[in-house]
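One structure is given here, and the rest of the page talks about it.
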Amino acid sequence: MRKKFLLIAIVALVLTCALTVLCACESYKASAVKPVGDKNAVVESNGGLVVKQGGYLYFVNGYSGYLSENGKDNWFGHVTKGAIVRVSYHADGSLGNDYVVVVPKSVMADSENVGFSIFGNYIYYVSPSAEEDRSGSVQTDTLQFMRTRLDGTGTQVILNWDGTSVKYKYTPSSLVYFDSANSKLYSKSLSVKKFKKNDKGTCIADKVTSVYFPPCDSYDPASKEKNVNEYVLYTKSSEDAYEYGNTLYIAHSSGKDEKVLIGADSYESGKYSVSVLSSSVSGDKLAIYYTKTRYVGTSSSGTVVGTFAYEFQDKNFAFGEAAEVKLSSESLSNLYPISYGEGIVSAGSGKAVVYYTDGTAPLTFGDLTLNTLITVQNGIFYYVNGDNYLCYYAMDNSANAHFALNAEDKVMTSFTGAEYFDGYLYFIVDDDYDYTHRLSLAGVSVYDDSSFDYARIGIVTSADQAKMDKEAEEDSDND
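Every position in the sequence shown, counted from 1, becomes a number in our numbering once 7 is added.
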C-alpha cells in the first residue's frame, strides 16, 4: 500500500512539473488601473501615436525595438518602452504627472498602420507574437491583433496573422484587413465576447486588386449612425478578358452596404481604371483623390489622364462625372489633404504643390522637399525632410525653412512617424533612447530660427534612467 501511494505521489509530482513547464507562457492577467477612463467620451486622433478620450491622453511610450530571441521581452506586463501609457489631459492642452501604463505590451509592426485606436471601453492595437513554436523560436513573424480594456484588464487576442505586414483598419464594429496574397478583404466583428484567434472572419470581397482605408480617427459613442470614416474602398478588375478598366467599390467595415462608386458605366468619355491615393472627411461628406487611366479598345496599354478629386455629398455615395474635379494632368504622389475646400498638397517629385478644387491655380514651391508632411497649421507647413529632421516653412514663401528641433535630434520615421493633435506635434526622437516627445506650436514664428519648446513625455525605464543619470554626471564632470 505504501509503494502504491509513493508511486501516485511521484506521478502527481511529474504531472505538476509538466504542467508548470506547459504554463510557462504569456499571461494577460492584470490589476485594474484606477481611476478608469470614460468609455462614453468622444475619441479623437485614433490610429496613430496618440489618442485622446475624455480627460486622458493615451500614447505609445516610445519605440522598444524589442524583437529578439527572448519572447519574454514582449510578454504582457513586461513592457514599458513601447507600451501604451495614459496621462491626464487638461483643457489648456497641458499634461498631468499621473503617467500609468495601461497596455504593457509593445505596439509595433511592419504594416502601414502601426498605431492604436480606442472605441468605447477598449484599446485596439497590434503586436508581434511573443509565443514560441515547437523548436522554441519566438514567432515574431506572426502579428497579433489585440484589445485591452481601458482599465488594463480583459486583454484578448482578436486575430493571429501569419506575417508582420498587412493593410488593416479598426472601426467601432470591426477589424477589416486585406489578405493581399489571396486578393481577399476580410471583416472580423469586434462585438463578440470571445475571439477565435485563428478565425479570419468574414470575407466581404474577393478578387480584390487594391484597398484604401479612410482614417477612422474620431468616434462618438453617443452617435447611433454609421460614420463615413468607418467605410472601406477597394477595386476589382473587369471580369471581361478584353476590358482593362476596373471598378471602385465602397462598403461598411462590417461588410454591409456594398456599393459601386465608380464603374464601367460611370463615364461617357470612355473606359477607365481608378487608383485611390488619399481621402478627407467632413461630416457625412467623403472626398477621395485618385488617378485615372484610360483604355481604348482592347489594348492593355492605358494612358494616365491625371489626378482627380470628388466629394460625395452624403452616405448614398452618388457619383456624377460632371462634379469630378481635375487637379492635374499628371499622376501625383504623396498626397496630403488639408481639406476638400482648402486644397491638397502633393509632396512628390522634389517639390511641393498645393492643388485646389475651386479652380484656383496650383501654388508651387519648387525648392521645397516635403519628404513627409505632418500638418498645415496657420499657413505653415510642418514636415519631416529627407534627413529625418523636423522642419517648418511658411506657405506664403515669406521665410526660409527652419529646423524645429535641436540640431542633433531627428524624428523616427520607421515607426508611426510624427503627428499633429490639438496644437502639438507628437513624435519619437531617434536617439539612444527612442522616447515619445511633444512640441507646442503656440507662438511659432517663421521669421527666426529659434528652437521650439519640446520635451519628452511618458515613463522612462529604470535601465534608461540609469544611463541618462550617468551621462548627465559625465557631462557635469567635463564642464
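Note that the Cβ used here is the ideal one computed from N, Cα and C, for glycine as well. Just so we're clear, the structure is a prediction, and the values are computed from it rather than from any experiment.
Distances from the alpha-carbon of ASN385 to those of SER286, GLY430, GLY159 and GLY348 put GLY430 closest.
Residue ranges of uninterrupted beta strand (DSSP E) with 3 or more members, entirely inside the stretch 364 to 438 and ordered along the chain, are 370 to 372, 379 to 384, 387 to 391, 397 to 401, 426 to 428 and 431 to 435. Residue burial annotation: GLY465 is buried, with at least 16 other C-beta atoms found within 10 angstroms of its C-beta. DSSP, read as helix, strand or coil, puts GLU33 in coil. The alpha carbon of SER38 has as its nearest neighbour, out of LYS195, PHE422 and ARG156, the alpha carbon of ARG156.
Across the structure, GLY450 and LEU64 are spaced so that their CA atoms are roughly 23 Å apart. One alpha carbon belongs to ASP148, the other to ASP186, and they sit about 16 Å apart.
Spanning the alpha carbons of VAL383 and GLU349 requires a straight line of approximately 10 Å.
Checking the DSSP bridge columns, you'll see ALA212 partnered with LEU192. Nearest in C-alpha terms to VAL453, of all of THR367, TYR400, HIS97 and SER447, is TYR400. For GLU318, the enclosing beta strand (DSSP E) covers residues 310 to 319.
Note on geometry: alpha-carbon atoms of TYR302 and THR216 lie some 17 Å from one another. The count of Cβ pairs closer than 8 Å, one atom from the stretch 291 to 311 and one from the stretch 220 to 240, reaches three, so the stretches are in contact. In the structure shown, the three-state DSSP call for VAL235 is helix.
When DSSP assignments are scanned along the stretch 72 to 155, the uninterrupted stretches of beta strand (DSSP E) that are 3 or more residues long and fall wholly within it turn out to be 91 to 95, 107 to 110, 124 to 126 and 129 to 135.
The alpha-carbon of LYS46 is positioned some 10 Å away from that of ASP227. Annotation note: the stretch 264 to 290 contains the following uninterrupted beta strand (DSSP E) runs of length 3 or greater, listed N- to C-terminal: 266 to 269 and 278 to 289. CA-to-CA, the gap between VAL283 and THR242 works out to about 9 Å. With respect to the C-alpha of TYR396, the residue from LYS322, PHE434 and ASP439 having the closest C-alpha is PHE434. Annotated three-state conformation of LYS204 is coil, per DSSP.
If the five residues before and after VAL360 are omitted, its C-beta is found closer than 6 Å to the C-beta atoms of SER353, PRO369 and THR371, all from its own chain and listed in chain order.
Across the structure, ASN407 and LYS358 are spaced so that their CA atoms are roughly 15 Å apart. Its chain contains LYS46, ARG156 and LEU157 as the residues whose beta carbon lies nearer than 8 Å to that of ASN128, once the 5 sequence neighbours on both sides are disregarded; these appear in chain order. Inclusion of ASP224 and GLY54 in the CB contact set at 7 Å is warranted, their separation being smaller than that value. Under the DSSP assignment, ASP482 falls in the alpha helix (DSSP H) whose first and last residues are 469 to 485. Ranked by how close their Cα comes to the Cα of LEU192, the residues VAL173, ASP374 and VAL312 have VAL173 in first place. Distance check between ASN81 and each of TYR35, VAL391, ASP403 and HIS97 places TYR35 closest, using alpha-carbon atoms only.
Contact between THR314 and THR300 does not hold, since the beta-carbon distance rounds to 11 Å and is not under 8 Å.
In this structure, the straight-line span from the alpha carbon of ALA98 to that of ARG141 is close to 52 Å. Distance from SER285 to ILE211 at the Cβ level is roughly 23 Å; contact not present, criterion being Cβ atoms closer than 8 Å. Excluding sequence positions up to five before and after VAL183, its CB lies within less than 6 Å of the CB of LYS176, SER194, VAL239 and SER260, all in the same chain and listed in chain order. Where ASN167 is concerned, the enclosing beta strand (DSSP E) starts and stops at 163 to 169. Non-local C-beta neighbours of VAL58 in its own chain, meaning closer than 7 Å and more than five positions away in sequence, comprise VAL50, SER52, TYR65, PHE123, SER124 and ILE125, ordered along the chain.
ASP439 is not a Cβ neighbour of LYS417, given a cutoff of 7 Å.
Partner residues in a beta bridge of ILE345, as assigned by DSSP, do not exist.
Closest in C-alpha terms to MET419, from the list GLU33, VAL114, ASP441 and SER196, comes ASP441.
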